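4 protein chains.
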Amino acid sequence: MKDLDLKKFDVRTDLALEAKELAEKPGTGPIPGIQSNTEEEDGITVTMLHVQNEQGSQAIGRMVGHYVTIEVPGLRDGDTKLQDRVTTKFAQHFEAFLQRLQIPKTARVLIVGLGNWNVTPDALGPLVVENIMVTRHFFELMPDQVAPGYRPVSAVAPGVLGITGIESSEIVQGIVDRSKPDLIIAIDALASKALERVNTTIQIADTGIHPGSGIGNKRKGLTKEILGVPVIAIGVPTVVYASTIVNNTFELMRNHLEAQKGDTNQIFGLLNQMEDNERLQLVREVLSPIGHDLLVTPKEVDEFIEDIANIIASGLNASLHEAVDSSNVAAYTH
Amino acid sequence: MKDLDLKKFDVRTDLALEAKELAEKPGTGPIPGIQSNTEEEDGITVTMLHVQNEQGSQAIGRMVGHYVTIEVPGLRDGDTKLQDRVTTKFAQHFEAFLQRLQIPKTARVLIVGLGNWNVTPDALGPLVVENIMVTRHFFELMPDQVAPGYRPVSAVAPGVLGITGIESSEIVQGIVDRSKPDLIIAIDALASKALERVNTTIQIADTGIHPGSGIGNKRKGLTKEILGVPVIAIGVPTVVYASTIVNNTFELMRNHLEAQKGDTNQIFGLLNQMEDNERLQLVREVLSPIGHDLLVTPKEVDEFIEDIANIIASGLNASLHEAVDSSNVAAYTH
Amino acid sequence: MKDLDLKKFDVRTDLALEAKELAEKPGTGPIPGIQSNTEEEDGITVTMLHVQNEQGSQAIGRMVGHYVTIEVPGLRDGDTKLQDRVTTKFAQHFEAFLQRLQIPKTARVLIVGLGNWNVTPDALGPLVVENIMVTRHFFELMPDQVAPGYRPVSAVAPGVLGITGIESSEIVQGIVDRSKPDLIIAIDALASKALERVNTTIQIADTGIHPGSGIGNKRKGLTKEILGVPVIAIGVPTVVYASTIVNNTFELMRNHLEAQKGDTNQIFGLLNQMEDNERLQLVREVLSPIGHDLLVTPKEVDEFIEDIANIIASGLNASLHEAVDSSNVAAYTH
Amino acid sequence: MKDLDLKKFDVRTDLALEAKELAEKPGTGPIPGIQSNTEEEDGITVTMLHVQNEQGSQAIGRMVGHYVTIEVPGLRDGDTKLQDRVTTKFAQHFEAFLQRLQIPKTARVLIVGLGNWNVTPDALGPLVVENIMVTRHFFELMPDQVAPGYRPVSAVAPGVLGITGIESSEIVQGIVDRSKPDLIIAIDALASKALERVNTTIQIADTGIHPGSGIGNKRKGLTKEILGVPVIAIGVPTVVYASTIVNNTFELMRNHLEAQKGDTNQIFGLLNQMEDNERLQLVREVLSPIGHDLLVTPKEVDEFIEDIANIIASGLNASLHEAVDSSNVAAYTH
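Those protein sequence lines, which keep their order, are chains A, B, C and D. Quick note, the first sequence lines up with residues 1 to 334 if you use UniProt numbering. Quick note, the second sequence lines up with residues 1 to 334 if you use UniProt numbering. Quick note, the third sequence lines up with residues 1 to 334 if you use UniProt numbering. Quick note, the fourth sequence lines up with residues 1 to 334 if you use UniProt numbering.
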């Protein structure tokens with residue numbers, strides 16, 4: 001496959017859904033090679049996106065593969081019943097990935113929690129790992145005594161380059177060589193272009209993790225090509241660039257005023273006619289030199305991250321072990 | 001004194017410096033009743049602002065009193081030598097407050113760390129309290145054995161309403177009634193209108209803490225009127241509203257383009273002619289209903305907050321105890 | 001009431017149950033003024049102890065009042081079903097205290113979490129406070145909108161003398177003066193004389209907290225006499241002195257060998273004939289000068305403390321609010 | 001080399017110094033094959049122990065190699081000047097190991113922090129790793145720009161079996177295969193037989209880490225034989241068995257009374273004539289069935305562990321990088 005021209009897609013989002021939104025032009029039809037379907041139910045919006053071929057891949061700057069995005073704006077209210085429903089929904093969609101990839105029920109799974117546990121918005125991966133039900137050692141040490149309905153699951157948080165001095169992908173490769181899993185699930189914090197998606201959205205993808213994605217330093221990626229086994233990536237946007245907040249808001253304002261008054265050219269002047277990317281460039285030009293173009297996260301990040309890490313861990317525990325009841329998965333984490 | 005019309009000043013900043021910036025119109029002279037003086041030295045900018053009378057107070061929406069703002073953009077780089085210089089500078093300016101208020105060297109001091117220790121951007125106050133050198137109990141239990149050069153210092157973190165069920169001001173009043181300090185120093189996390197000031201700025205004020213300021217729930221305030229003893233407030237902006245990021249950026253873009261090209265009306269259309277507050281209203285109208293107008297904080301908030309809490313604690317330890325060497329204050333905290 | 005001669009009872013236990021055990025001599029009958037009853041059910045042993053009068057009080061060195069001790073050795077295994085049963089049992093016995101003290105269902109309650117959150121075995125009180133459902137502010141701010149089945153509950157963690165410079169009892173008094181509760185519940189970490197009771201035992205007492213009890217610095221106590229409202233004390237032993245481990249083990253060895261072989265004089269020599277306190281003195285004489293007589297806690301203290309704090313918080317939430325279902329209280333904390 | 005009969009040496013200590021103490025019989029000369037030398041200076045006692053051959057190894061149950069033990073009872077007082085002196089002393093002795101093993105100044109070093117970060121007394125390794133100055137990534141990414149006086153250092157905390165499901169030795173092997181260090185430094189929490197050594201003692205050994213040592217689950221060990229490069233082990237005792245406290249105290253009591261009164265047979269009866277191991281067996285027999293024989297740690301473990309982790313990290317930073325000044329190493333950690 002040809003390398004993607006990442007510059008072109010440098011809109012600072014790790015969500016395939018947002019990449020597609022950015023690639024769509026008003027008035028034109030669907031993007032060839034991209035199939036997409038959205039369902040909404042009781043406050044949970046699920047978008048299934050299929051990048052079918054290279055044409056689609058080049059159009060939105062994402063690898064060929066399946067992407068599922070679960071958006072739940074209400075997650076910010078700390079409603080435990082909603083959290084339980086999201087857990088169940090996440091588990092269902094995750095299981096569909098296992099089936100599509102034909103992962104057997106006894107396949108050995110390694111869960112990799114990427115990110116830095118000392119930086120709250122980057123700590124999603126390590127937090128999920130803390131709540132995973134690991135079982136591999138029981139299979140190694142006393143295989144005859146493991147109850148039916150479980151599979152060998154292991155979990156590691158390899159840290160980040162600035163703390164270990166070693167690429168996290170190198171560490172993962174070393175662990176894979178030794179522990180020989182059949183499937184890797186990599187969890188990572190992401191960047192979004194929209195503040196309202198931060199800490200309210202989960203993306204599942206069968207493409208692995210590619211260089212440059214995620215908010216940390218993951219230059220080498222975690223993919224089937226590199227590691228030899230399939231890699232399912234689970235990501236949650238936890239940060240957004242100040243410049244994309246500004247640019248995104250401009251778009252929202254234009255839509256808002258267009259609906260109300262009609263002539264947005266008069267209101268917004270030349271800004272109105274700029275391409276999205278062009279305008280973003282302008283915003284960055286202004287913000288970057290004075291240190292304004294920071295990655296930011298909502299004030300309540302500590303609680304949001306913990307809630308969503310629990311959802312993912314509970315959902316994985318239920319999906320990976322048949323013996324864990326999918327209807328009451330939350331009880332298995334704390 | 002008349003009540004301030006807070007609506008008018010609802011630009012969502014707790015910094016007097018920013019309130020003044022917002023009140024100044026280009027082309028008009030200095031604001032009557034406001035005296036201001038700014039010094040810059042080696043990356044540290046200090047602004048001394050004096051709200052001299054009610055006229056000044058009404059103009060910028062701040063209480064009559066002295067405000068010192070220390071801005072250090074370089075603090076984000078984690079440079080320990082710069083941190084030491086800021087500590088010394090902060091201690092000098094804090095000592096000037098003690099002198100102006102004629103606080104004797106033996107006066108008993110209570111340090112109040114406001115905020116919620118479970119919410120990182122709101123944990124500044126509790127973090128400072130953790131690193132304060134408390135001595136009051138030595139004076140109570142063995143007054144003859146306390147070495148010269150110390151004064152009685154106590155420190156509490158009263159929590160926030162949502163966690164205790166009691167207004168923090170009520171808790172502080174109860175503690176003041178019992179422990180009878182001569183001076184209160186209240187530390188709190190603030191909101192700024194400019195992202196680059198977040199976690200890089202310290203404000204000292206002799207006005208106490210007034211209802212509605214700070215990012216938590218402090219409806220009743222901590223003032224000399226309420227508590228019976230002077231209250232020095234120390235604040236650090238740790239959050240900013242998404243809407244003020246957008247509005248502030250618009251201003252920056254206009255200045256940037258004006259310098260380059262001249263006619264910003266053409267570029268910005270009607271937006272260009274709006275008053276700052278009017279435009280902010282528009283931004284909020286668009287962002288609030290869809291959950292975009294969150295308070296946000298930089299991704300690295302954990303480290304930034306810890307660094308600046310150490311600076312304040314070290315500076316206070318040096319200012320309050322003569323026996324603590326002002327040239328090497330950092331060694332007393334960890 | 002006469003002052004208790006604490007020296008006489010200086011066996012370094014805060015549990016009334018252990019004080020009684022120490023006061024009992026083999027071969028003599030029950031202690032006058034002490035009524036005691038023990039029940040065991042499914043791994044949970046509950047002892048109800050009533051110090052009926054001054055005679056009983058002097059005999060075991062505890063204040064007149066009711067003491068309930070819940071012992072659950074199995075708590076160390078992290079069994080969540082057992083934890084739920086203990087929560088229910090604790091709630092039942094706590095409600096009996098509320099009834100005996102004739103606390104009305106609308107009485108306002110202040111929960112005080114004593115201890116130091118930076119020292120794990122002393123952090124029980126603050127940990128319970130973190131998981132208490134506080135409601136007082138709803139009653140203050142919007143009394144008409146509070147659903148039936150709740151009462152006003154507030155909760156504070158006043159810190160310890162070494163961190164605040166103020167006696168925790170002074171802080172609590174100040175808060176009581178301002179917030180005017182009808183009942184205080186004080187939670188504290190205790191010392192036991194038996195390692196197996198550490199982190200597996202909960203004591204409830206209607207006597208308040210007296211000087212010298214608990215593992216921190218609480219010289220002034222929290223009692224009805226001082227605070228003007230009833231005080232129920234809840235304590236969990238989290239530490240034990242090395243010297244009492246040794247002394248207690250000696251006793252266990254003697255009983256063990258007596259059962260097996262008969263003549264323990266031959267085996268233990270003079271040690272065998274020493275009084276318990278005399279032997280403890282000898283052990284301390286040997287250990288103290290060389291720094292061996294430390295307070296110790298089991299290695300897994302972090303997890304044990306968290307589990308038992310959750311049990312207490314869940315039990316209190318169920319006991320204090322009728323609307324919280326006693327059969328499923330655990331869901332209200334995290 | 002023959003396998004060591006570990007049962008024989010099952011006195012539950014990981015310190016070679018204590019193993020030697022246990023092997024020594026009063027009245028007999030030095031143990032053949034063991035060379036030992038002790039120096040005391042200003043509250044710091046350093047014992048250099050050389051297990052010279054298999055005879056010595058079998059006698060004390062430790063591998064052939066060099067062991068240095070630094071004992072500092074005063075560390076419990078939190079004296080920062082003493083901490084600095086211990087850091088310097090530790091760095092000196094650690095450098096002697098580097099020289100004896102002929103590790104060149106440019107050799108690449110991997111630091112492995114064993115243990116569980118959720119269990120305070122087992123968190124020493126991960127805490128040291130947090131404060132290590134890692135540099136390997138600079139050498140990988142921009143080798144020309146690294147200042148002189150540094151070497152490539154990386155650091156990982158592989159977690160424990162119960163959390164990852166993978167043996168920590170497997171994880172380390174995988175990382176070694178990928179990152180190819182020339183030397184490994186493994187840090188681990190240990191068990192001691194003497195409470196006063198807990199959190200006050202540092203052991204350095206050139207033998208690596210062997211199965212069964214340490215307080216966690218490290219069945220496979222980290223040795224030159226397994227990993228292909230030299231392994232220096234650094235350990236700090238952070239826990240002690242209740243049974244060894246009792247047994248050790250008995251020994252102390254006997255010595256104490258012997259000095260005073262002479263006939264300890266009369267006082268201690270048959271206990272007096274038991275072999276140390278025999279008596280320990282008796283103590284365990286009594287304590288184990290009733291859940292008393294726990295591993296315990298001093299109440300103040302949080303602070304002690306943090307202090308000693310800082311000493312080790314600072315000492316390693318100074319020893320490994322010439323550019324880090326050995327006289328002021330503490331400034332490089334926090």
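No residue lacks a Cβ here, since even glycine has one placed at the ideal position from N, Cα and C. Keep in mind the model is a prediction, meaning the values are calculated, not measured.
Residue i versus the options, residue with shortest Cα-Cα distance
| i | options | result |
| --- | --- | --- |
| residue 61 of chain C | C/40, C/15, C/36 | C/15 |
| residue 180 of chain A | D/166, D/191, D/182, D/192 | D/166 |
| residue 292 of chain D | C/257, C/248, C/29 | C/248 |
| residue 196 of chain D | C/131, C/130, C/243, C/144 | C/243 |
| residue 335 of chain B | B/49, B/45, B/27, B/42 | Outside the shown range of chain B (1 to 334) lies residue 335 of chain B, about which nothing can therefore be said. |
| residue 237 of chain D | D/225, D/32, D/43, D/200 | D/200 |
| residue 171 of chain C | C/300, C/222, C/198, C/144 | C/222 |
| residue 26 of chain D | D/290, D/300, D/307, D/251 | D/251 |
| residue 149 of chain B | B/44, B/106, B/66 | B/106 |
| residue 136 of chain B | B/151, B/130, B/187, B/39 | B/151 |
| residue 130 of chain C | C/306, C/318, C/324, C/323 | C/306 |
| residue 42 of chain B | B/72, B/259, B/30, B/121 | B/72 |
| residue 285 of chain B | A/257, A/18, A/138 | A/257 |
| residue 108 of chain C | C/57, C/253, C/178, C/280 | C/178 |
| residue 210 of chain A | A/224, A/288, A/202 | A/224 |
| residue 255 of chain B | A/287, A/83, A/92 | A/287 |
Rounded Cβ spacing between residue i and residue j (contact assumed at less than 8 Å)
| i | j | result |
| --- | --- | --- |
| residue 119 of chain D | residue 79 of chain C | Going by Cβ atoms, the distance from residue 119 of chain D to residue 79 of chain C rounds to 19 Å, so no, they are not a contact pair. |
| residue 168 of chain B | residue 160 of chain B | 6 Å |
| residue 304 of chain A | residue 85 of chain A | Contact flag wrong, Cβ pair sits at about 17 Å. |
| residue 229 of chain B | residue 182 of chain B | 6 Å |
| residue 234 of chain D | residue 202 of chain D | 7 Å |
Opposing strand residues paired with residue i [DSSP bridges]
| i | result |
| --- | --- |
| residue 190 of chain D | D/237 |
| residue 48 of chain A | A/37, A/68 |
| residue 282 of chain C | Answer is none; residue 282 of chain C lacks a bridge partner. |
| residue 110 of chain B | B/154, B/184 |
| residue 298 of chain B | A/296 |
| residue 201 of chain B | B/71 |
CB contact flag (residue i, residue j, <8 Å)
| i | j | result |
| --- | --- | --- |
| residue 64 of chain D | residue 53 of chain D | yes |
| residue 133 of chain B | residue 321 of chain B | yes |
| residue 70 of chain B | residue 90 of chain B | yes |
| residue 192 of chain C | residue 128 of chain C | no |
| residue 163 of chain B | residue 231 of chain B | no |
| residue 299 of chain D | residue 246 of chain C | no |
| residue 124 of chain B | residue 189 of chain B | yes |
| residue 194 of chain C | residue 40 of chain C | no |
| residue 57 of chain B | residue 47 of chain B | no |
> So, do the segment 101-114 of chain C and the segment 144-164 of chain C have three or more beta carbon pairs nearer to each other than 8 Å?
Replying inline: Short answer: they touch.
>> Whether or not the segment 276-292 of chain C and the segment 310-323 of chain C are in contact is what I'm after, with contact meaning three or more pairs of Cβ atoms, one per stretch, closer than 8 Å; do they touch?
In response: The segment 310-323 of chain C is not in contact with the segment 276-292 of chain C.
> Are there three or more Cβ pairs, one per stretch, closer than 8 Å when the segment 97-105 of chain D is compared with the segment 200-207 of chain D?
Replying inline: yes
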